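Structure, as C-alpha cells:
There are 2 protein chains.
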Amino acid sequence: MFEDLIVIDCSTVLAGPSVGTFFAELGAAVTKIENPAIPDVTRTWKLLSEEKNTAISAYFASVNYHKQYLQLDFKNTTHFNELVRLIEKADIFLSNFKKGDAEKFGLTDTFLHSINPRLIIGKISGFGTESDRVAYDLILQAETGFMSMNGTAESGPVKMPVALIDVLAAHQLKEGILTSLLQRTKTNKGQTVSVSLYDAAISSLANQASNYLMEKHIPQRIGSLHPNIAPYGEIFVTKDGKLITFAIGSNKHFQILCSFLELNEFVSDVRFATNVDRVSNRKELKEFIQTEILNLEASEILTFMHQHFVPVGLIQNLKEVFENSESQKLVRTETIENKETKRVSQIAFQLKS
Amino acid sequence: MFEDLIVIDCSTVLAGPSVGTFFAELGAAVTKIENPAIPDVTRTWKLLSEEKNTAISAYFASVNYHKQYLQLDFKNTTHFNELVRLIEKADIFLSNFKKGDAEKFGLTDTFLHSINPRLIIGKISGFGTESDRVAYDLILQAETGFMSMNGTAESGPVKMPVALIDVLAAHQLKEGILTSLLQRTKTNKGQTVSVSLYDAAISSLANQASNYLMEKHIPQRIGSLHPNIAPYGEIFVTKDGKLITFAIGSNKHFQILCSFLELNEFVSDVRFATNVDRVSNRKELKEFIQTEILNLEASEILTFMHQHFVPVGLIQNLKEVFENSESQKLVRTETIENKETKRVSQIAFQLKS
Chain G
551 MFEDLIVIDC STVLAGPSVG TFFAELGAAV TKIENPAIPD VTRTWKLLSE
601 EKNTAISAYF ASVNYHKQYL QLDFKNTTHF NELVRLIEKA DIFLSNFKKG
651 DAEKFGLTDT FLHSINPRLI IGKISGFGTE SDRVAYDLIL QAETGFMSMN
701 GTAESGPVKM PVALIDVLAA HQLKEGILTS LLQRTKTNKG QTVSVSLYDA
751 AISSLANQAS NYLMEKHIPQ RIGSLHPNIA PYGEIFVTKD GKLITFAIGS
801 NKHFQILCSF LELNEFVSDV RFATNVDRVS NRKELKEFIQ TEILNLEASE
851 ILTFMHQHFV PVGLIQNLKE VFENSESQKL VRTETIENKE TKRVSQIAFQ
901 LKS
Chain C
551 MFEDLIVIDC STVLAGPSVG TFFAELGAAV TKIENPAIPD VTRTWKLLSE
601 EKNTAISAYF ASVNYHKQYL QLDFKNTTHF NELVRLIEKA DIFLSNFKKG
651 DAEKFGLTDT FLHSINPRLI IGKISGFGTE SDRVAYDLIL QAETGFMSMN
701 GTAESGPVKM PVALIDVLAA HQLKEGILTS LLQRTKTNKG QTVSVSLYDA
751 AISSLANQAS NYLMEKHIPQ RIGSLHPNIA PYGEIFVTKD GKLITFAIGS
801 NKHFQILCSF LELNEFVSDV RFATNVDRVS NRKELKEFIQ TEILNLEASE
851 ILTFMHQHFV PVGLIQNLKE VFENSESQKL VRTETIENKE TKRVSQIAFQ
901 LKS
C-alpha cells in the first residue's frame, strides 16, 4: 500500500509511535529514532512479571512494530547530520517534542521544510503546541469530562482503563497525515499536522457533547444501565459462572427472553409488560431473571439469543477475549532486539479491490 | 480540502454518519439518504427535555453536519434510479446495511462498482459483514474486554459513558477510506473498505492487549488509582468544592506538592519519602493532603502546579468542560430543518502549509 513512503518517527510513549506503526503496517519504511541517553520511556514501563534485563516492555511493543531502530543524539553534530540526511529522503516526520525542544534540537518546521519541502510533519502535544503543561492520560480524562461521566453513582469519577485519549489522538494524527498526503498529490508540498490530546478528547465526546451543548444536559455517572430501557446493562451470572448482559430494546425481545427463561407470564404482567414498566421495576425484574439464568450455561443462552437476534453479550476479561479466533486475527508477532513481542494491529479496516 | 469529493451517506446511527460528517467538514459535498419510512433511528433518540415535534435530536445532530438530506425508498423504481444517478457521480458510498440488505436493495458491491468503478464503498458492521449478530455498543464493550477492566473493585464491570467503540470504528473507516483515496490516485479504481465494531474495539486495547498477549496479565478493575505510583488518581475536594487529581510521578513533584501544602516534613517522613513508601501508605497520605486542600481554592492550586510543571487536573463535568474557550473552538453550529443544532467537530487536527 505505502511501500513508497519513508517515515522518520522521533516520537515516544503511545500516540506518536502508534502512528508510525500504522504506516509500517501498511508497508512504509519506518525508522524510530531515540536519544541514546533517553530512549523511549515506555521501554521501562514494565509489569512486575516482566524480564528486567531487556529494553523491550509489553507497553513499548504494543505500539512499536515493523520499525527499524536507530539511536541518535541530536546535539552531536555527526548524529544530527545523519538525521538530516534521513529527513531529506523522508515523507513523514513524527514527534511529540515538548514546547521549546524543536528549537533546542534545531528541528523547527521552517528548518525541516527548508531541507525537504515535501515533508509532512506530524506533531502530538498535550494541550496544543503553545502550551507547556504536562499531559498525562489521567489529567486529560479529568479535564475533558470523561472521568465525570465514567463509573456508577457510588463509585465516584473513574478513569477509563486504557489510555484512550492517546489512542484517539493517534487516530486524529493518522487522518491528518493521510489528508495531507492526498493534498501533496496535488500540490507536491508538505504541511504540518498538529494534534493535541485535549482536542482529540473533546472531539470524542460525540452525543454527550451535543446533549450538553443543545440541551444543557450534564451527564451523570450511571454505570452500565440504560436510563430509559430495561433490562439493558444489568449483569447476570450463569450456571457456569460467566457474566452476561442483555440490551432488551423492544417488547419482542422481551417476549423472546421470557419464553426462553420460562417466564411467559411476565409478558402480560403489569410490572413488566411495557418498557416503561420494566424500567420502573427493573430491580425486581433483575432478580427474577437472575434466578432463571443461574440454571443455564452461558453457551445455551448465547446460542438461543443469537438465533433470535436478541442483543446479548458475555462480559469477557482479556484472557477470554483472546480465546476468540476473531480477535487472534488482529494479533501481530515480531522479534525486536531478540525479544518476542505481540500486539494487536493498528489496522482494523479491510480493503478489497 | 476535499471540495472535489462527492459522498453518498446511506448510513445510520453513530459511526457511519460521523464519517460522512468528517468528509463534509473537510469540504466534500455529502448527501445523507434516508428511507422515508424508516429515517435514521437517532432522530428519535431524545432526552426527556427535548422538543417532541421535531425530527432532529441532539444525538442525531452530534454526528450529522454540513450534509444535504434526501429521502429515497430504494424499493421504489423512480427513487432507486435517482440513487443510481447520484452514485454514478460519487466518490464515496457509506452504509451500515445489515447482512442481506445490500442484496435486497440491489446495492451490492458488484453492482455499485459496475456503475462506478472509481467508487469507494465504506461499510460498518457489528461483527463483520458475514455475521448477522445485532451490535449494540454495550454488547461490544462487554465482549471485547472493556467492561471487564472499567470501574473499581467494588463497582463491578462498567460500560464506558460514550459509545466509544462506534467512535473508534468511525476512525478506522475514515483511515481506510483515506488510504483507498490515495490508492485511487495511482490506480484510478475504487475499493471496498469494511470495518467491524468488534475489530475496531480489539485494535484499541493497546498496551492492555500486549500485557495479556506477552505476559498473560489479565487487567483488573482498579478505578483511577495508578497501582505503582502515589498519589496518582486520588481525588481531592477543594475549598470551592471542585474535584482535583494529581499524577505525582517523581520525588521532585512530591516535594513541590508538599512545599505548596506546607507539609515539608513529609518529604523525609519514612511513610512517604519514596514512591514505594507513598504507595504503601497511600490512604493515610491521601487524608493528610485532603485536609490541606480543603483550605485552598482550585485556581490557586492549578496556577502553582502549572508554574512548577506538576501534572494536575480538575475533574470537570461537561458544563465546566464547555466553559473553557479551548473546547468552544471545536463547537460547530448549524440549522437543520429549522432546528438550531450544535456538536463538536470531527476534526481535531490542524493543517498548516
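From first to last, the protein sequence lines stand for chains G and C.
So in this note's numbering, the last spot in the first sequence is 903, and the numbers never skip.
So in this note's numbering, the last spot in the second sequence is 903, and the numbers never skip.
Virtual Cβ for every residue (Gly too), placed ideally from N, Cα, C.
In this text, all values refer to a predicted model and were calculated from it rather than measured experimentally.
- Listed in chain order, the positions of the region 751 to 766 of chain G with a beta carbon within less than 7 Å of a beta carbon of chain C are I752, S753, S754, L755, A756, N757, Q758, A759, S760, N761, Y762, L763, M764 and E765.
- The beta carbon of V862 of chain G is closer than 8 Å to those of I794, T795, F796, A797, I851, L852, M855 and H856 in its chain, skipping five residues each way along the sequence.
- Under DSSP, T581 of chain G takes part in a beta bridge, and its partners are G:I558 and G:Q618.
- The beta-carbon of A608 of chain C is placed less than 8 Å from the nearest beta-carbon of chain G.
- Straight-line spacing of the CA atoms in E784 of chain C and L775 of chain C works out to 6 Å.
- For Q618 of chain G, the closest C-alpha among the options G:E584, G:F838, G:E638 and G:S698 is that of G:E584.
- Residue environment for P711 of chain G: buried (at least 16 other C-beta atoms within 10 angstroms of its C-beta).
- Judged by beta-carbon spacing, L723 of chain C lies beyond the 8 Å limit of G676 of chain C, meaning their Cβ atoms are not closer than that value.
- A direct Cα-to-Cα measurement between T604 of chain G and E890 of chain G gives close to 11 Å.
- Collapsing the DSSP output to three states places Y686 of chain C in coil.
- DSSP places K902 of chain G in the strand class (E or B) of the three-state scheme.
- In this model, N626 of chain G and R593 of chain G are separated by some 23 Å (Cα to Cα).
- Chain C places no beta carbon closer than 8 Å to that of P567 of chain G, leaving this residue out of the contacts.
- Apart from sequence neighbours up to five positions away, the residues of its chain that approach P769 of chain C with a beta-carbon distance below 7 Å are M699, Q758 and N761, ordered along the chain.
- Distance between H616 of chain G and F661 of chain G, taken at the CA atoms: about 28 Å.
- Per DSSP, I886 of chain G is not a residue of any alpha helix (DSSP H); the beta strand (DSSP E) it occupies stretches across V881 to I886.
- Cβ contact annotation for F624 of chain C (same chain, cutoff 8 Å, sequence separation greater than five): N585, F630, L633, F655, G656 and L657, in chain order.
- The secondary-structure analysis by DSSP pairs G863 of chain G across a beta bridge with G:T795.
- For a Cβ distance threshold of 8 Å, residue set N700, G701, T702, S705, V708, G773 and S774 of chain G lies close to V708 of chain C, ordered along the chain.
- Below the 8 Å Cβ cutoff, chain C contributes no neighbours of I839 of chain G, its closest Cβ being approximately 16 Å away.
- When secondary structure is reduced to three states using DSSP, K673 of chain G falls in the strand class.
- Taken in chain order, the unbroken stretches of beta strand (DSSP E) that lie wholly in the region 757 to 787 of chain G and span 3 residues or more are 782 to 787.
- A straight line joining the alpha-carbon of R832 of chain G with that of F872 of chain C spans about 34 Å.
- L669 of chain C and D651 of chain C do not touch by the CB rule: their CB atoms are close to 18 Å apart, not below 8 Å.
- L714 of chain C sits close to L714 of chain G, with the two beta carbons spaced by under 8 Å.
- Within its own chain, the residues whose Cβ lies closer than 8 Å to the Cβ of E638 of chain C, once the five positions on either side in sequence are excluded, are I665 and N666, listed in chain order.
- Around the beta carbon of D554 of chain G, fewer than 16 other beta carbons lie within 10 angstroms, which makes this residue exposed.
- Apart from sequence neighbours up to five positions away, the residues of its chain that approach R683 of chain C with a beta-carbon distance below 7 Å are G676 and F677, ordered along the chain.
- The beta carbon of Q900 of chain C falls within 8 Å of a beta carbon belonging to chain G, placing the residue at that interface.
- If you check each beta-carbon in the region 875 to 888 of chain C against every beta-carbon of chain G, the ones closer than 7 Å belong to E876, S877, L880 and V881.
- Any Cβ of chain C closer than 8 Å to the Cβ of F872 of chain G would place that residue at the interface, and such an atom is present.
- In the three-state DSSP reduction, T853 of chain C falls in the helix class (H, G or I).
- When the five nearest sequence neighbours on each side are left out, the beta carbons in the same chain lying within less than 7 Å of the beta carbon of A608 of chain C are those of L597 and E600, in order along the chain.
- Within a 10 Å sphere around the beta-carbon of T735 of chain G sit fewer than 16 other beta-carbons, which makes this residue exposed.
- D827 of chain C has a beta carbon lying at 8 Å or more from every beta carbon in chain G.
- Three or more Cβ pairs closer than 8 Å define a contact, and the region 738 to 756 of chain C falls short of that threshold against the region 572 to 584 of chain G.
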